[in-house]
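Chemist:
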Ligand SMILES: Cc1cc2nc3c(=O)[nH]c(=O)nc-3n(C[C@H](O)[C@H](O)[C@H](O)COP(=O)(O)OP(=O)(O)OC[C@H]3O[C@@H](n4cnc5c(N)ncnc54)[C@H](O)[C@@H]3O)c2cc1C
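Residue numbers (our numbering), protein chains in the order written: chain R, 735 to 1027; chain Y, 50 to 840.
#1: In whole angstroms, what is the alpha-carbon distance linking residue 580 of chain Y and residue 572 of chain Y?
#2: Below 8 Å on the Cβ atoms is my guess for residue 450 of chain Y versus residue 486 of chain Y; work out the distance and round it to an integer in Å.
#3: Output the distance between the C-alpha atoms of residue 68 of chain Y and residue 568 of chain Y, rounded to the nearest integer angstrom.
#4: Please confirm whether residue 336 of chain Y has its beta-carbon closer than 8 Å to some beta-carbon of chain R.
#5: Closer than 8 Å, CB to CB, is residue 784 of chain R near chain Y or not?
#6: Name the chain R residues whose beta carbon is nearer than 7 Å to that of residue 772 of chain Y?
#7: Just checking, does the region 420-430 of chain Y make contact with the region 543-555 of chain Y on the three C-beta pairs under 8 Å criterion?
#8: Hey, residue 556 of chain Y and residue 196 of chain Y are a contact pair by Cβ (cut 8 Å); roughly how many whole angstroms apart?
#9: Shorter than 7 Å, the distance from the beta carbon of residue 950 of chain R to the closest heavy atom of ligand 1, or not?
#10: By the three-class DSSP mapping on this structure, what secondary structure does residue 527 of chain Y have?
#11: Residue 871 of chain R by DSSP, collapsed to three states: which one?
#12: To the nearest angstrom, how far is it from the Cα of residue 202 of chain Y to the Cα of residue 496 of chain Y?
#13: Answer with buried or exposed for residue 500 of chain Y, where buried requires no fewer than 16 other C-beta atoms within 10 angstroms of its C-beta.
#14: In three-state DSSP terms, what is residue 667 of chain Y?
#15: Cβ of residue 588 of chain Y versus every heavy atom of ligand 1: is any distance shorter than 7 Å?
#16: Which residues of chain R have a Cβ atom closer than 9 Å to the Cβ of residue 760 of chain Y, listed in chain order?
#17: How big is the Cα-Cα spacing for residue 372 of chain Y and residue 350 of chain Y?
#18: Where does residue 152 of chain Y sit, in a helix, a strand or coil, going by DSSP?
#19: Just to check my reading of the structure: residue 561 of chain Y and residue 726 of chain Y have Cβ atoms closer than 8 Å, yes? What is that Cβ distance to the nearest angstrom?
#20: Comparing the C-beta of residue 247 of chain Y with each C-beta of chain R, is any distance below 8 Å?
#21: Is the CB of residue 45 of chain Y under 8 Å away from at least one CB in chain R?
#22: Would you mind stating whether residue 810 of chain R and residue 797 of chain R have Cβ atoms separated by less than 8 Å?
#23: Just the C-alpha distance for residue 521 of chain Y and residue 786 of chain Y, rounded to the nearest angstrom, thanks.
#24: Considering only residues of the same chain and omitting the five flanking positions on each side of residue 598 of chain Y, which have a CB-CB separation below 6 Å?
#25: Examine ligand 1 and report whether any of its heavy atoms sits within less than 7 Å of the Cβ of residue 759 of chain R.
#26: Should residue 462 of chain Y go down as buried or exposed, given a rule of 16 or more other Cβ atoms within 10 Å for buried?
#27: Which residues of chain R have a Cβ atom closer than 8 Å to the Cβ of residue 176 of chain Y, listed in chain order?
#28: Applying the 10 Å Cβ sphere with the 16-neighbour rule, what's the burial state of residue 742 of chain R?
#29: Secondary structure at residue 552 of chain Y, three-state DSSP: helix, strand or coil?
#30: Nearest-angstrom Cα distance between residue 384 of chain Y and residue 420 of chain Y?
#31: Straight-line CA distance for residue 891 of chain R to residue 317 of chain Y?
#32: Who are the near neighbours of residue 96 of chain Y in its chain, counting only those whose CB is closer than 7 Å to its CB and skipping five residues on each side?
#33: Which term fits residue 56 of chain Y, buried or exposed, when burial requires 16 or more other beta carbons within 10 angstroms of its beta carbon?
#34: Which term fits residue 216 of chain Y, buried or exposed, when burial requires 16 or more other beta carbons within 10 angstroms of its beta carbon?
#35: With residue 513 of chain Y and residue 435 of chain Y assumed to form a contact (beta carbons below 8 Å), what rounded beta-carbon distance in angstroms separates them?
#36: Got a sec: does ligand 1 put a non-hydrogen atom nearer than 7 Å to the Cβ of residue 481 of chain Y?
Okay, here's the thing in structure tokens:
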């Protein structure tokens, strides 16, 4: 299939992009890495009059630590999550998730801003931003605003972005001593969107998990925090009973839908198995191990 | 390597060597020329409006807006093409009682599967054609859909083809020995019902065709990504009423076929008509979404089978019922019942029991047609047989190797005729089993398995014997009235500078045919492989032949090339003898020269002979007239098929909490007769195994109740990828067929034939301690979890 004809403009600044957007009254799409948008055009699922290429806008680049926040520019490629020392140090959960995102060729082009803006319920990074308590920097013709990940993912491919707005950066509270991060997913083949996946970031105090954030992907229309499971763990040491309690609590957190390959019951079952394994791994961290001994 | 090479065992032999592919560099460098790469002058592009419904009648079609869209040259409906194209019917005489309705290029009056092409739009570019296709308005009246194997035969079920009455295409029963008696007296019976999912070939290069009709000469040239150009020359000529000699089908570089590219497709037939209507070349390349809903699918069988066994593990008999759903009609020209036929005839093939009964029911449903795809029927026959054998072994406490040793057809029993009438010249089950046992270090794996089970790790080992049908004679299609050749032809010539050209009817689509044909010719003529060029796939140029299907390139094409090269060699030696004033029996060809046969001393260069023959024939005696071109045609004459055999083994670890399976290792011992090129045989086997494992774990066309394919994209239809595939270790046993000089049989389908059976046995071996079992493929995590009692 061939995409329908469209106009193409390359924006060199945010201002440029907003002007182009206004010119076609919004019948357009921003193009970042193109790894989701281009297939969708080729399948004629989308047929905008114009593509506004934002991939050369400098303001959307760079990874910096400032005001005690790690700022990751929206154009940061998935591949950089694997190679950037800043990310390894300040947001290791992103680094742990990145190998599960597609394949190297796609990771070389796909951008984290694109992944967040698209908000595919099966995508890794949106869920990870929930676990990281990240916030998003959003630019519009009127100026800049910030939205917490918590309130950003609203439903199936639905976010707090207003038409014409551009996600400029992701801001993450940096990883501190005593923090622990684990990520894993169950995908049929390497690089596939997962049947279920989860990222956990927690703080360890002594032999206990002081606090933690558990975020799941692929179990609902949007990434979702498992608050009941979190509550079952917070304040406790990671004993088998506590882990079992968290697994049981998932029933109240998740309400997966049916799809041709996977029943809701199976997804919930797999989410529990995954959670159990991840919490087990969280407990295997040297800090926790030491505490048990 | 075993066995004497006989007349092939000479110095400079290329037969049996891992010669690398002469075309590999060209293809890797992006210099391949596939149909998609061809740009012809004045070429137009076709796109199709397809049915969104699986079953509907067409009330009206409005093409007015599309016809006036930018770049559009023609919008054609089913009625338009029906005026040019004679309908086709996918039945063959030797499947007696078989029914299928007549087919047209585009739907006329009704649609019978979701994705069926209804209207063709021809425009300057494909994008314009697609734009205009969106403007065609078709008014449908939706009809009740038959999407289920049982629904097809249920009372009051809607008829997909009312003109033939009933939704059953074909029924076949085979029976031999006394089956009821065998079961009545049997101390043990094992039985199971199996589901084999629908899957499809997923070639790297999709279907592609350019039809180029020249009205001034009434000449049609079709550039076609097909494995059988001669068959299509015949079909296009007959269905469009063109003289055969004026129809040329050219198959350029082909990016995989697997049987998928030898069936008649509606779009392809339409494109020929569209070119006739416009008088211009028209191109159509199926995109991946179209491939999923229009390429043939395969399998989709439900088999109930039981096996009667004696207390010592001797198999007494098998009783089988196979129901298969083929889509809305039978494919053309090979039909859609060959798979079912092969399933029921291959079940039990490695074993010597005599009591056998099988029923086959082939039914219609509102889905795309199924037909022959790599290893037609074999994986099903093999899985049914081999899982029942394992089941019996488990019940009797016998080792899987041991129960097989007790039942296989042994060396002293050949030639052997199976209860279903297949004649085996000579197979090598014993040698293959023992070789596999050593290759995989079976006792070590069993020890490891036992130790890991203590730790809650569930590994499984599965083996599966197989018998493969290769080198088909006219018994396959010809006897049924199909104009599908079982013979092949080759023309071999010496060029003026002493190099060699071979034009042959078998083709190259990635499997290495060009390489082995070149090896055989070089070998026979005693020239360097580099000096031989092989040409394939052009009905105006290459001799008529069956080309590639059912494993025949090496066995039949190879023998053809061998005989043609020998004929040419005789001619060359006759000229050399005249020049050298020697007797030709005392001469031989080696290293690009004519040599003294006994001493090996060089007598004259091949290039020198060519120079004299082509430019100085005046220097030759009067009665010598050099024939530096020779041709030969060959069709199998002895056994109707050359059966091959082998055994495969799969080692898996099942995560019993998630239902995910890690395939840890795979082994194959195969016997394809004379091995021409071990590397290529191993590539074929590995590729085949991967496709078989795809069927076992990943691939399935999932349909909704109303006949919609739900996973028709490569994101959702899971093909196995390198990351999921294990190392595949291969060993060989060689039992050449005596029906040919070359002795080669086929190996293209061997890998696929038993991989899913070995995988099923491995998974069941892993989960049996938990009281679980599975008899459905693909073995998805969902199905395994269900088998394990979770979810
Ligand atoms: C074969 C394949 C496998 C894949 N597997 C995975 C996987 O396993 N996991 C996964 O998470 N993803 C996967 N992806 C998707 C990939 O990660 C995409 O790169 C990502 O989802 C989108 O990023 P992009 O930069 O390519 O965005 P684009 O495709 O350019 O854009 C996507 C959407 O986001 C909008 N957009 C992009 N950037 C911005 C911005 N800064 N502000 C506002 N809107 C914006 C665009 O307008 C568009 O609507 C896969 C893709 C492919 C092709």
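Quick reminder that beta carbons are idealized off the backbone N, C-alpha and C, glycines included.
Modeler: This is what the structure gives:
#1: Within the second chain, numbered from 1, the residue matching residue 580 of chain Y stands at position 531. Within the second chain, numbered from 1, the residue matching residue 572 of chain Y stands at position 523. Their Cα atoms are separated by approximately 11 Å.
#2: Your numbering for residue 450 of chain Y matches position 401 in the second chain. Your numbering for residue 486 of chain Y matches position 437 in the second chain. Sure, about 6 Å apart at Cβ, within 8 Å.
#3: Reading the second chain from its first residue, position 19 is the one you call residue 68 of chain Y. Reading the second chain from its first residue, position 519 is the one you call residue 568 of chain Y. Going from the Cα of residue 68 of chain Y to the Cα of residue 568 of chain Y covers about 8 Å.
#4: By 1-based counting over the second chain, the position of residue 336 of chain Y is 287. So yes, residue 336 of chain Y belongs to the interface.
#5: Residue 784 of chain R sits at position 50 when you count from the first residue of the first chain. No - not a single Cβ of chain Y is within 8 Å of the one on residue 784 of chain R.
#6: Position 723 of the second chain, counted from the start, is the residue given in the question as residue 772 of chain Y. Against chain R, the beta carbon of residue 772 of chain Y has neighbours under 7 Å at 923, 924, listed in chain order.
#7: Judged by Cβ distances under 8 Å, the region 420-430 of chain Y makes no contact with the region 543-555 of chain Y, as fewer than three pairs qualify.
#8: Within the second chain, residue 556 of chain Y is the residue found at index 507, counting from 1. Within the second chain, residue 196 of chain Y is the residue found at index 147, counting from 1. Actually they are not in contact, since the Cβ atoms of residue 556 of chain Y and residue 196 of chain Y sit about 36 Å apart, beyond 8 Å.
#9: Residue mapping note: residue 950 of chain R aligns to position 216 of the first chain, counting from 1. The answer is no for residue 950 of chain R.
#10: Taking the first residue of the second chain as 1, we reach residue 527 of chain Y at position 478. Helix.
#11: Reading the first chain from its first residue, position 137 is the one you call residue 871 of chain R. For residue 871 of chain R, the secondary structure class from DSSP, reduced to helix, strand or coil, is strand.
#12: Counted from its first residue, the second chain places residue 202 of chain Y at position 153. Counted from its first residue, the second chain places residue 496 of chain Y at position 447. C-alpha of residue 202 of chain Y to C-alpha of residue 496 of chain Y: approximately 49 Å in a straight line.
#13: For this step, residue 500 of chain Y is matched to residue 451 along the second chain. Result: exposed.
#14: On the second chain, position 618 is the one that residue 667 of chain Y refers to. In the three-state scheme derived from DSSP, where H, G and I count as helix and E and B as strand, residue 667 of chain Y is classed as helix.
#15: Taking the first residue of the second chain as 1, we reach residue 588 of chain Y at position 539. No.
#16: Taking the first residue of the second chain as 1, we reach residue 760 of chain Y at position 711. Under the 9 Å cutoff, chain R gives 994, 995.
#17: To locate residue 372 of chain Y, count along the second chain from 1; it is residue 323. To locate residue 350 of chain Y, count along the second chain from 1; it is residue 301. A straight line joining the alpha-carbon of residue 372 of chain Y with that of residue 350 of chain Y spans about 6 Å.
#18: Numbered from 1 along the second chain, position 103 holds the residue referred to as residue 152 of chain Y. Residue state, collapsed to three classes: strand.
#19: Here residue 561 of chain Y is taken as the residue at index 512 of the second chain, counted from 1. Here residue 726 of chain Y is taken as the residue at index 677 of the second chain, counted from 1. Indeed, because the Cβ distance is near 7 Å, the residues count as touching under 8 Å.
#20: Taking the first residue of the second chain as 1, we reach residue 247 of chain Y at position 198. Not one beta carbon of chain R lies nearer than 8 Å to the beta carbon of residue 247 of chain Y.
#21: One cannot answer for residue 45 of chain Y here, as it falls past the ends of chain Y, which runs 50 to 840.
#22: Taking the first chain and counting its residues from 1, one reaches residue 810 of chain R at position 76. Taking the first chain and counting its residues from 1, one reaches residue 797 of chain R at position 63. Yes, they are a contact pair.
#23: Here residue 521 of chain Y corresponds to residue number 472 of the second chain, with the count starting at 1. Here residue 786 of chain Y corresponds to residue number 737 of the second chain, with the count starting at 1. Approximately 13 Å between the Cα atoms of the pair.
#24: Counting from 1 along the second chain, the entry for residue 598 of chain Y is found at position 549. Contacts found: 311.
#25: As a first step, residue 759 of chain R is located in the first chain; it is residue number 25 there, counting from the start. Because no heavy atom of ligand 1 lies under 7 Å away, the Cβ of residue 759 of chain R does not count as near it: no.
#26: Taking the second chain and counting its residues from 1, one reaches residue 462 of chain Y at position 413. Exposed: under 16 other Cβ atoms inside 10 Å.
#27: Within the second chain, the letter at position 127 stands for residue 176 of chain Y. Ordered by position in chain R, the residues that pass the 8 Å Cβ test against residue 176 of chain Y are 736, 737, 738, 739.
#28: Your numbering for residue 742 of chain R matches position 8 in the first chain. Exposed is the call here.
#29: Position 503 of the second chain, counted from the first residue, corresponds to residue 552 of chain Y. The answer is strand: DSSP assigns residue 552 of chain Y an E or B state.
#30: To locate residue 384 of chain Y, count along the second chain from 1; it is residue 335. To locate residue 420 of chain Y, count along the second chain from 1; it is residue 371. Cα-Cα distance, rounded: 7 Å.
#31: In the first chain, the residue the question calls residue 891 of chain R occupies position 157. In the second chain, the residue the question calls residue 317 of chain Y occupies position 268. So the alpha carbons of these two residues sit roughly 39 Å apart.
#32: Taking the first residue of the second chain as position 1, residue 96 of chain Y is located at position 47. Once the five neighbours on either side are set aside, the close Cβ partners of residue 96 of chain Y are 170, 175, 178, 179, 182.
#33: Taking the first residue of the second chain as 1, we reach residue 56 of chain Y at position 7. No answer about residue 56 of chain Y holds up, because its pLDDT of 49 lies below 50 and its placement is not dependable.
#34: Residue mapping note: residue 216 of chain Y aligns to position 167 of the second chain, counting from 1. Its Cβ being crowded by 16 or more others within 10 Å, residue 216 of chain Y is buried.
#35: What you label residue 513 of chain Y is simply residue 464 of the second chain in a count that begins at 1. What you label residue 435 of chain Y is simply residue 386 of the second chain in a count that begins at 1. 4 Å between Cβ atoms; contact.
#36: By 1-based counting over the second chain, the position of residue 481 of chain Y is 432. No, the beta carbon of residue 481 of chain Y sits no closer than 7 Å to any heavy atom of ligand 1.
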